[in-house]
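Chains A and B, in that order, are what the protein sequence lines are.
Heads up: the first sequence is residues 3 to 118, going by the numbering used here.
Heads up: the second sequence is residues 747 to 857, going by the numbering used here.
What follows is a set of notes on a single structure, which appears directly below.
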Amino acid sequence: GAVVSQHPSWVICKSGTSVKIECRSLDFQATTMFWYRQFPKQSLMLMATSNEGSKATYEQGVEKDKFLINHASLTLSTLTVTSAHPEDSSFYICSARDGIGVSPLHFGNGTRLTVT
Amino acid sequence: GDSVTQMEGPVTLSEEAFLTINCTYTATGYPSLFWYVQYPGEGLQLLLKATKADDKGSNKGFEATYRKETTSFHLEKGSVQVSDSAVYFCALSEAGTALIFGKGTTLSVSS
Chain A
3 GAVVSQHPSW VICKSGTSVK IECRSLDFQA TTMFWYRQFP KQSLMLMATS NEGSKATYEQ
63 GVEKDKFLIN HASLTLSTLT VTSAHPEDSS FYICSARDGI GVSPLHFGNG TRLTVT
Chain B
747 GDSVTQMEGP VTLSEEAFLT INCTYTATGY PSLFWYVQYP GEGLQLLLKA TKADDKGSNK
807 GFEATYRKET TSFHLEKGSV QVSDSAVYFC ALSEAGTALI FGKGTTLSVS S
């Protein structure tokens, strides 16, 4: 089945540094990828929709200058958390749709970010 | 806007008990409905889905029926196992857009 690979699975960084998270669709092409953030014991909140070859669409309240998204190819999207702060510590999950319309999303295993 | 409401957990059951996790939704159009499962330490996996009213999604003994009249998509399983312990998310998607998730329900099954 369709596989989405997310890397790294966990990262610890110091406050003020930047962290890049990669999301790859391994056996299908994904024109659209989605980035979610999950706080402990809470639901997944959509951060942005990443479209190949164009600018990402951010949800209300998500700082686009802080969470930089690049979708340079049909199999790779990256999320860079710039100038990270402890409040950015969270679980970030990417997903990609294998097909169009109501085809289900496939999720990466997520990245646990801890900012110290 | 669209939203999904799930029953709050945790749900604690003994092995072979009957499971119901309630899910209701609000949507402006005719969404597709999904249940995702997140096992400890793993990513989200699609459990089942339904794309139109009265459709029944099923997988691994789990079932959910798309009820338009009650805007519900309750998850059921007749006999749970310890291996079913996980967090279950109800979600909807309209016209292929990003999923909107409920808050998740933690299920803990003991032997």
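Cβ atoms here follow ideal geometry from the backbone N, Cα and C, with glycine treated the same way.
{"Query": "Cβ-based contacts, 8 Å cut-off: residues of the segment 786-813 of chain B near chain A", "Result": "Glu788, Gly789, Leu790, Gln791, Leu792, Lys795, Thr797"}
{"Query": "Rounded distance between the beta-carbons of Tyr782 (chain B) and Glu793 (chain B), thought under 8 Å", "Result": "Sequence check: residue 793 (chain B) is Leu here, not Glu. Right, their Cβ atoms sit about 6 Å apart."}
{"Query": "Within 7 Å, strictly: CB atoms of His87 (chain A) and Ala98 (chain A)", "Result": "no"}
{"Query": "Contacts around Gly755 (chain B), its chain only, beta-carbon distance under 6 Å, and the 5 residues preceding and following it disregarded", "Result": "Thr851, Thr852"}
{"Query": "Residue-chain proximity (Leu759 (chain B), chain A), Cβ-Cβ < 7 Å", "Result": "no"}
{"Query": "For Met47 (chain A) and Lys823 (chain B), the rounded distance between their alpha carbons", "Result": "27 Å"}
{"Query": "Expected contact under 8 Å - CB spacing of Met35 (chain A) and Ser79 (chain A) to nearest Å", "Result": "4 Å"}
{"Query": "Cα-Cα separation between Ser854 (chain B) and Val826 (chain B), rounded to whole angstroms", "Result": "10 Å"}
{"Query": "Proximity to Gly747 (chain B) [Cα-Cα], best of B:Pro777, B:Thr772, B:Phe847", "Result": "B:Thr772"}
{"Query": "Per-residue DSSP class, three states only, for Ser829 (chain B)", "Result": "helix"}
{"Query": "Per DSSP, the bridge partner or partners of Lys823 (chain B)", "Result": "B:Leu765, B:Phe808"}
{"Query": "Collapsed DSSP secondary structure at Glu24 (chain A) in the structure displayed", "Result": "strand"}
{"Query": "Residues that Lys795 (chain B) bridges to, as DSSP identifies them", "Result": "B:Phe780"}
{"Query": "Other residues of its chain near Trp12 (chain A): CB distance less than 6 Å, five sequence neighbours each side excluded", "Result": "Arg114"}
{"Query": "Interface partners of Leu845 (chain B) on chain A, CB under 7 Å", "Result": "Leu107"}
{"Query": "Sub-7 Å separation of Ala832 (chain B) and Leu845 (chain B) beta-carbons", "Result": "no"}
{"Query": "Which residues DSSP lists as bridging Thr758 (chain B), in chain order", "Result": "B:Ser854"}
{"Query": "Against chain B: residues of the segment 41-57 of chain A by CB proximity under 7 Å", "Result": "Gln44, Ser45, Leu46, Leu48, Thr51"}
{"Query": "Beta-carbon gap between Thr811 (chain B) and Lys802 (chain B) smaller than 7 Å", "Result": "yes"}
{"Query": "Residues in the segment 69-98 of chain A having any Cβ partner in chain B nearer than 8 Å", "Result": "Ile95, Ser97"}
{"Query": "Of the residues A:Ser91, A:Asp100, A:Leu81, A:Asn53, the one placed nearest Cys15 (chain A), counting alpha carbons only", "Result": "A:Ser91"}
{"Query": "Cutoff 7 Å: Gly63 (chain A) Cβ touching any chain B Cβ", "Result": "no"}
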